[in-house]
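Inspection log for the structure reproduced underneath, given as structure tokens.
Residue numbers (our numbering): 40 to 235.
Below, the structure written as structure tokens:
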């Protein structure tokens, strides 16, 4: 029969190093996926050189910019999103964020702003971001208190509660990150000011 100290010892000895290695692996894959490990200076210079030309004069410039951004970031974006992002500071990060939260906010080409298709405000995303971070942080106390209380009756339930907390914390943090990105994109004048 496993005791709580055996479970904690097993966690510290085996699960924690494996989870740290897995987190670093997924972080590495994430960076490769969005192309930030292999964006060379020449690729970004080529993008800015293409965009410094007037894209309205020649439609081939727009498509060359589309291909250059797709080559640099390893994913393709609609041309209006590229033009919107490159008119602001830190366009590559903005494009990455626009891709990550495309299901929450989108570029309205007619109004030239980023808005929610579900008519949610920026305050909503800010509140949801803080709520998600808070749930992932403060759910630790009731879950762990109940796990300690229940461990004497059923250690399997105690272990289940610990694992459920870990899953809840990871999902809450991920959701908070998505909501925070959506909030920053909706407040693009504040977080991504226009270049003069």
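The beta carbon of each residue, even a glycine, is placed where N, CA and C say it ideally should be. Everything numeric in this text was worked out from a predicted model, so none of it was measured.
1. State the Cα-Cα distance for the pair residue 168 and residue 140, rounded to the nearest angstrom.
2. Around the C-beta of residue 215, are 16 or more other C-beta atoms found within 10 angstroms, so that it is buried, or is it exposed?
3. Answer with buried or exposed for residue 144, where buried requires no fewer than 16 other C-beta atoms within 10 angstroms of its C-beta.
4. Put residue 145 into one of helix, strand or coil per three-state DSSP.
5. Could you tell me the distance, in whole angstroms, from the CA atom of residue 130 to the CA atom of residue 150?
6. Buried or exposed: where does residue 48 fall if 16 or more other Cβ atoms within 10 Å of its Cβ makes it buried?
7. Do residue 161 and residue 217 have their beta-carbon atoms positioned less than 9 Å apart in this structure?
8. So, with DSSP's three-state summary, where would you put residue 233?
9. Under the rule that 16 or more other beta-carbon atoms within 10 Å means buried, what is residue 86, buried or exposed?
So, to answer that:
1. Roughly 13 Å between the two C-alpha positions.
2. Counting Cβ neighbours within 10 Å, residue 215 comes out buried, since at least 16 surround it.
3. Residue burial is scored here from C-beta neighbours: residue 144 has at least 16 other C-beta atoms within 10 angstroms and is therefore classed as buried.
4. It is a strand residue.
5. When rounded, the separation of the alpha-carbon atoms in residue 130 and residue 150 is 19 Å.
6. By the neighbour-count rule (16 or more Cβ atoms within 10 Å), residue 48 is not buried but exposed.
7. Their beta carbons are not under 9 Å apart, which means residue 217 does not touch residue 161 by this criterion.
8. DSSP, reduced to helix, strand and coil, places residue 233 within a strand of the structure shown.
9. Answer is buried; the Cβ neighbour count reaches 16.
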